[in-house]
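S.K.: Questions regarding the structure given below will be posed in turn.
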Amino acid sequence: MTNIAIFGANGRMGKVLCEAALISTGTELAAAYVRDQHDLIGSQVQHFINQGKTDIAFSTEMVIADDVDVAIDFTLPEGMLAHLDFAVANNIPMVIGTTGLSEAQMQRLFEAAKHIPIVFARNFSVGVNLLLDLVQTAATKFGDDADIEIFEAHHRHKIDAPSGTALAIGEAIAEAKGWDHDQVAVYDRSQSEQAKSQKEIGYSVLRAGDIVGEHTAYFALMGERLELTHKASSRMTFARGAVRAAKWVQNKHPGFYSMREVLELGK
5 MTNIAIFGAN
15 GRMGKVLCEA
25 ALISTGTELA
35 AAYVRDQHDL
45 IGSQVQHFIN
55 QGKTDIAFST
65 EMVIADDVDV
75 AIDFTLPEGM
85 LAHLDFAVAN
95 NIPMVIGTTG
105 LSEAQMQRLF
115 EAAKHIPIVF
125 ARNFSVGVNL
135 LLDLVQTAAT
145 KFGDDADIEI
155 FEAHHRHKID
165 APSGTALAIG
175 EAIAEAKGWD
185 HDQVAVYDRS
195 QSEQAKSQKE
205 IGYSVLRAGD
215 IVGEHTAYFA
225 LMGERLELTH
235 KASSRMTFAR
245 GAVRAAKWVQ
255 NKHPGFYSMR
265 EVLELGK
């Protein structure tokens, strides 16, 4: 049995993560953490979720329950880093889905992974991680003949753009092509007066309504076009993947892991 703690348990994603920990085989919800002094501290989690049954109450982030095996964090970067330090101090493995991290913040993850096992992914959907493999195959087989574009759509509340998943797709393509992603990524063509180069990856972003997540990689040639698309209709897709990663990482050695290892992709 894997006992899971959820940071940011009162958020949209946090509540779904609580549900996933409760309904998944071989896991239990051990703690549901919210910010210190939050109004929900002491309230029963059961009253705020749609699936699963639990007697756990929301509690402060600064008190790790004795039976926590793994902590999951999908909060904002600043909060996640504080949780990370706390997890290192208490020797608790982490599953991290926070996006919009800077280079310096990513370095903090790498340093922490010397002390605890960490699974980090910009998207924990099994389908999206399979998509990352597929776009690398397409990028390799098409050679330099295809124009490459990435489109992504999310709900109106999402802050980072392009999304972390869109960037992960672009980085996977760049890796397969032997390109430096930062040199070929194009986020804005409004000031460009040049035709598109075939050695670039263009990004387009939509923010609207309650779209959970949609990502498409386009490989366009003269006369044909390949579109590889993943659409998520529920946050539970990501939550189940994160819980799967939590079960996997429970007894691993310190290190920085991805969903490729969890799903045994590329073997």
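Going by my numbering, the letters in the sequence shown line up with residues 5 to 271, in that order. Backbone N, C-alpha and C define an ideal beta-carbon position, used for all residues, glycine too.
Could you check the C-alpha separation between residue 208 and residue 5 for me, to the nearest Å?
M.R.: 42 Å
S.K.: Please report the residue range of the alpha helix (DSSP H) in which residue 246 lies.
M.R.: 240-253
S.K.: Between the region 149-169 and the region 194-207, do three or more beta carbon pairs fall short of 8 Å?
M.R.: yes
S.K.: Counting Cβ pairs closer than 8 Å, one from the region 192-200 and one from the region 209-223, do we hit at least three?
M.R.: Counting Cβ pairs under 8 Å, fewer than three are found: no touch.
S.K.: Do residue 269 and residue 272 count as a contact pair if the criterion is CB distance below 8 Å?
M.R.: Only positions 5 to 271 of the chain appear in the structure, and residue 272 is not among them; the question remains open.
S.K.: If you run the structure through DSSP and keep just helix, strand and coil, what is residue 48?
M.R.: strand
S.K.: Can residue 14 and residue 62 be called in contact, C-beta distance under 8 Å?
M.R.: Yes. Within cutoff.
S.K.: By the 10 Å Cβ neighbour count, where 16 or more other Cβ atoms means buried, how is residue 242 classified, buried or exposed?
M.R.: buried
S.K.: Does residue 227 come out as helix, strand or coil in the three-state DSSP assignment?
M.R.: coil
S.K.: Taking Cβ positions, are residue 216 and residue 236 nearer each other than 8 Å?
M.R.: yes
S.K.: What are the partner residues of residue 211, as DSSP defines its beta bridges?
M.R.: 158
S.K.: Spell out the partners DSSP gives residue 170 in its beta bridges.
M.R.: Answer is none; residue 170 lacks a bridge partner.
S.K.: Reducing DSSP to helix, strand and coil, say where residue 97 ends up.
M.R.: coil
S.K.: Could you tell me which residues DSSP puts in a beta bridge with residue 11?
M.R.: 37 and 77
S.K.: Residue range of the beta strand (DSSP E) that residue 259 falls in?
M.R.: 259-261
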